[in-house]
Amino acid sequence: MHNSEVVRDLIANGFYLLTKHARERMAERNITHMDIRQCARHGIIDLKDDRYVIVGRDIDAELLKIICVYDDDVLIITVY
Amino acid sequence: MKTWKETLRNVVPLEYIVFVDVPMKESKSGDVINLAPEVLDLLAATAVLQNKIPLRGKEVLFLRKVLGLSLEKFANKLDLSSSTVFHWEKAETTRISLVSELAVRVFVAEQLNIPISYKFSDLVGDKICELKVKAV
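Residue numbers (the numbering used here), protein chains in the order written: chain R, 698 to 777; chain W, 38 to 173.
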């Protein structure tokens, strides 16, 4: 499986970590863990400069962008 | 790798929830919350329900999103119209009716397996104060 699809699967199943910055952005935009999973499940994933960018929709079909890195774990750096 | 515990504010959409002793670790990409991603959402939902925080639009929106339900699905589960829930959520700082509040509380608590026990009279009153929630 290509790494992009591994990242998608891990996030969609709730196996990821969040930076404090990402959590603060989530709070500002009323985004929960379930929105992140929903976005990853159906979004478009792309690799740009060692970072994965997922563009998708949250539970309320609002546009959501997730930026993450994948080393040992998936780490979400920011969302907007 | 450096690890520590920290007090975090403004990491869920309810500004009065303060998490204490949150395990953290450093990374090249910034400070990382070293907890499964659902933990803070679930702790905040539990704090709102068990501390009898009045349910206003912003609490309803947060609880619905913690459940992972769209507005339509949430409204259907409560036998309400989507527009009713939409208007609740739109009025962020307006408390919903006590009858509706009880229904939302019981439904969310059941879905998340959060034990609750209160009387109708416990919910009367508008107290919202800072809530310290231990993260571990």
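Cβ atoms here follow ideal geometry from the backbone N, Cα and C, with glycine treated the same way. Source: prediction; values computed, not measured.
Bridge partners - residue i, DSSP secondary structure assignment
i, result
"P60(W)", "K42(W)"
"G753(R)", "L761(R)"
"Y767(R)", "V771(R)"
"I742(R)", "I751(R)"
Integer-rounded CB distance, given that residue j should sit under 8 Å from residue i
i, j, result
"M61(W)", "T40(W)", "7 Å"
"L139(W)", "F157(W)", "7 Å"
"K762(R)", "V750(R)", "7 Å"
"V97(W)", "V141(W)", "6 Å"
"V122(W)", "L108(W)", "5 Å"
"G162(W)", "I774(R)", "With a Cβ gap of about 41 Å, G162(W) and I774(R) do not count as contacting."
Endpoints, alpha helix (DSSP H) assigned at residue i
i, result
"V776(R)", "No alpha helix (DSSP H) holds V776(R); the beta strand (DSSP E) holding it covers V771 to V776."
"I733(R)", "H730 to H739"
"L80(W)", "V76 to Q87"
"L714(R)", "Here L714(R) belongs to no alpha helix (DSSP H); instead the beta strand (DSSP E) covers L714 to T716."
"A73(W)", "Run containing A73(W): none; DSSP gives neither H nor E here."
"N727(R)", "It is not in any alpha helix (DSSP H) - N727(R) carries neither H nor E in the DSSP assignment."
"S701(R)", "N700 to A709"
Range covered by the beta strand (DSSP E) that runs through residue i
i, result
"L51(W)", "Unbroken run through L51(W): none, as it is neither H nor E."
I'd like to know if the stretch 733-741 of chain R and the stretch 704-717 of chain R are in contact, where contact means that at least 3 CB-CB pairs between them fall below 8 Å. The stretch 733-741 of chain R vs the stretch 704-717 of chain R: in contact.
Quick check: the stretch 59-79 of chain W against the stretch 709-718 of chain R, are there 3 or more CB pairs under 8 Å? By the C-beta criterion, the stretch 59-79 of chain W is judged to be in contact with the stretch 709-718 of chain R, since at least 3 inter-stretch pairs fall below 8 Å.
Margin query: Quick check for students: name the residue ranges of the alpha helix (DSSP H) that lie wholly in the stretch 89-172 of chain W, counting only runs of 4 or more.
Written below: If you keep only unbroken alpha helix (DSSP H) runs of at least 4 residues inside the stretch 89-172 of chain W, you get 94-104, 108-114, 119-127 and 135-149.
- Any contact of the stretch 86-102 of chain W with the stretch 126-139 of chain W, i.e. 3+ C-beta pairs under 8 Å? With a cut-off of 8 Å, the stretch 126-139 of chain W and the stretch 86-102 of chain W count as touching, because enough Cβ pairs lie within range.
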